[in-house]
Amino acid sequence: MEFRFSRMEKLLRGHRVRTVSVDGTPAEFVNDPALVRRILVKDGQNYGKGDLFQKARVLSKAGLLAQDDTLHRHYRRLAHPYLRPAAVTDHTPAMAQIARNAVASWRPGQAVDIQAQMCRTASAIALSTLFGGLPHTVSSVLGEHLATLSWEMIRKPLHGKAASRAQQQTTSQRLVKALADFRSLLASYIADADQLNPPDPTTDYLSALLSDTGRNGTPDLSTDQICGEAVMMLTAATVTTASVMSWALYVLSSHPLIEEKVLKDLAQTTGTDTPPAQAHGHEHGHGPPGYTMRFLTEVLRLYPPVWITCRKTLSNATLGDHTLPTGTHVLFSSYLLHRDPDRYPDPHRFDPDRWLSLRPTTQDASYIPFGTGARGCVGESFAWKELQILLGAVTQEWQLAIQPGTKVRAAADTTLHPRRLLMIPQPR
Numbered sequence: 003m004e005f006r007f008s009r010m011e012k013l014l015r016g017h018r019v020r021t022v023s024v025d026g027t028p029a030e031f032v033n034d035p036a037l038v039r040r041i042l043v044k045d046g047q048n049y050g051k052g053d054l055f056q057k058a059r060v061l062s063k064a065g066l067l068a069q070d071d072t073l074h075r076h077y078r079r080l081a082h083p084y085l086r087p088a089a090v091t092d093h094t095p096a097m098a099q100i101a102r103n104a105v106a107s108w109r110p111g112q113a114v115d116i117q118a119q120m121c122r123t124a125s126a127i128a129l130s131t132l133f134g135g136l137p138h139t140v141s142s143v144l145g146e147h148l149a150t151l152s153w154e155m156i157r158k159p160l161h162g163k164a165a166s167r168a169q170q171q172t173t174s175q176r177l178v179k180a181l182a183d184f185r186s187l188l189a190s191y192i193a194d195a196d197q198l199n200p201p202d203p204t205t206d207y208l209s210a211l212l213s214d215t216g217r218n219g220t221p222d223l224s225t226d227q228i229c230g231e232a233v234m235m236l237t238a239a240t241v242t243t244a245s246v247m248s249w250a251l252y253v254l255s256s257h258p259l260i261e262e263k264v265l266k267d268l269a270q271t272t273g274t275d276t277p278p279a280q281a282h283g284h285e286h287g288h289g290p291p292g293y294t295m296r297f298l299t300e301v302l303r304l305y306p307p308v309w310i311t312c313r314k315t316l317s318n319a320t321l322g323d324h325t326l327p328t329g330t331h332v333l334f335s336s337y338l339l340h341r342d343p344d345r346y347p348d349p350h351r352f353d354p355d356r357w358l359s360l361r362p363t364t365q366d367a368s369y370i371p372f373g374t375g376a377r378g379c380v381g382e383s384f385a386w387k388e389l390q391i392l393l394g395a396v397t398q399e400w401q402l403a404i405q406p407g408t409k410v411r412a413a414a415d416t417t418l419h420p421r422r423l424l425m426i427p428q429p430r
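In case it helps, the numbering used here puts the sequence shown at residues 3 to 430.
Structure below.
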């Protein structure tokens, strides 16, 4: 099966569940939001991580990505203090300063590789906020390795002949080198820090990992596992943010009236606006979100970075009218769910104002850019704030235009991203 979305939409039309093949392996493709929610929430204990697409599991199989639910919950609780809304508020000044410094380095009329720049900026933000205890010199070098690693991860094919070819190409070699360099430097720092003094678990997420111990008082994770967990957390935060921001800036360059409304809203907002995904609706006294948040919500609807997900049944399961034996691969695509015409009229049209009356619902999975259920993204609050800050930093300083003679196409790799996005900045 090749993931050409128009072909998949035609193949799945009228089917809630349909058998497909991924690299010769049969799988059940679910295209019903209620059934997807059943997989992720109600019957979540019956489904484990699928292995048709490796994604981040090439980086780590411990901590948050552990197959065991008890371990996953443990490391989720460990990360939560540094990602909860109150902590995100504390992170905001650092995020804003890093974003301003990044865009200040751009030059009028000189093409900017937006995705590479967003990788570099998001890497610096992730390291500064989640691994803030690192010395500046270490953090700076790690940031460069992380930016390279993240950009290579974004472009990594997930399946098929393209994935096989990538293993032989320099892209894969650059990814492997960036990963090795990052882990080597971080492991060296951990070894030195351990000899000097014990880490304070309240400092940052890395210190919490280093301080985490099992019942017998010994560290739960080895240095190698901690490095893997650190790479996974930082890379996940970077690749998704970079992909979404690239699409956001592309959309603004293509829709001048939308750009004008975003600029006006950013000039008026206090930065406390609640995204639709976290609001509770008019019945609880909340008005509709501001235009910037509606804009970002629509970007995430049309261009969800985690565009496809694979699960595998851990026991015999029932899904609608289908009986799934143990070991059945189950797929679903947030890209397709987000373009369901029954939920979203004129689903391919970019319309932030659809979120004036529409709300993401907990009753199904028709809007899941951050997943849902027990394994939904632990960094959702962090992501919303970072996107808002990055959008403001770029658009209030620069007006961007697509480099003449280029056409922007979507690439469905590890994330859904523009295949190539060169933009020309001009001062506001």
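Each residue gets a CB set at the ideal place from its N, CA and C atoms; glycine is no exception.
Does the distance from the CB of residue i to the CB of residue j come in under 8 Å?
i	j	result
V1	L85	Look at the range of the chain in this structure, 3 to 430, and you will see that residue 1 is not part of it.
L251	I426	no
W309	A403	no
V396	V105	yes
L510	A29	Any answer about residue 510 is impossible in this case: the structure gives the chain only from 3 up to 430.
R341	P347	no
D267	P35	no
L321	V19	yes
A149	R122	yes
V143	L187	yes
K12	R313	no
F184	H138	no
R430	W400	yes
Which word fits residue i, buried or exposed, when buried means at least 16 other C-beta atoms lie within 10 angstroms of its C-beta?
i	result
S368	buried
P354	buried
A376	exposed
T328	exposed
L177	buried
G292	buried
D206	buried
P420	buried
T364	exposed
K44	exposed
Q119	buried
P362	buried
G26	exposed
T40	Inspection of the sequence shows that residue 40 is occupied by Arg rather than by Thr. Buried is the call here.
S383	buried
H17	exposed
L339	buried
Do you know offhand how far residue i's Cα is from residue j's?
i	j	result
D53	F372	20 Å
L132	G46	29 Å
R15	S256	30 Å
Q112	Y337	33 Å
S335	F7	10 Å
N33	D323	14 Å
T299	G394	15 Å
H282	L37	Any reading at H282 needs caution, since the residue's pLDDT is 41, under 50, leaving its predicted position unreliable; the model's value is listed next. Going from the Cα of H282 to the Cα of L37 covers about 23 Å.
A101	L304	24 Å
L212	T225	8 Å
L358	S190	51 Å
I192	K179	20 Å
G135	P87	20 Å
Q170	M155	Its pLDDT being 49, under 50, Q170 is placed unreliably by the model, and the measurement read from it follows with that caveat. Looking at the two C-alpha atoms, the distance is approximately 15 Å.
A210	T311	29 Å
P83	P406	45 Å
Q270	S107	26 Å
R356	V114	32 Å
G145	L326	44 Å
T94	A238	19 Å
Among residues of its own chain, excluding the 5 on either side of residue i, which ones have a beta-carbon nearer than 7 Å to its beta-carbon?
i	result
N48	T315, L316, S317, A319
L423	I116, Q117, S248, Y252, V410
K158	A168, L177, D415, T416
A96	S130, T131
L418	S245, Y305, P306, P307, W309, Y337, A412
I127	M97, I100, E388
G378	F372
Taking DSSP's pairing of strands, which residues face residue i in a bridge?
i	result
S2	The displayed coordinates of the chain run from 3 to 430. Any statement about residue 2 would go beyond what the structure contains.
A412	P420
G50	K314
P427	L402
D267	Partner(s): none; D267 has no beta bridge.
A334	Sequence check: residue 334 is Phe here, not Ala. Its beta-bridge partners are T311.
V114	M425
L321	H324
Among residues of its own chain, excluding the 5 on either side of residue i, which ones have a beta-carbon nearer than 8 Å to its beta-carbon?
i	result
L66	H74, Y77, R78, A81, E231, M234, M235, V380
CB-CB under 6 Å to residue i, same chain, minus the five flanking residues each way: which ones, in chain order?
i	result
L181	L151
A124	T240, T243, A244
L302	P371
L392	A101, M247
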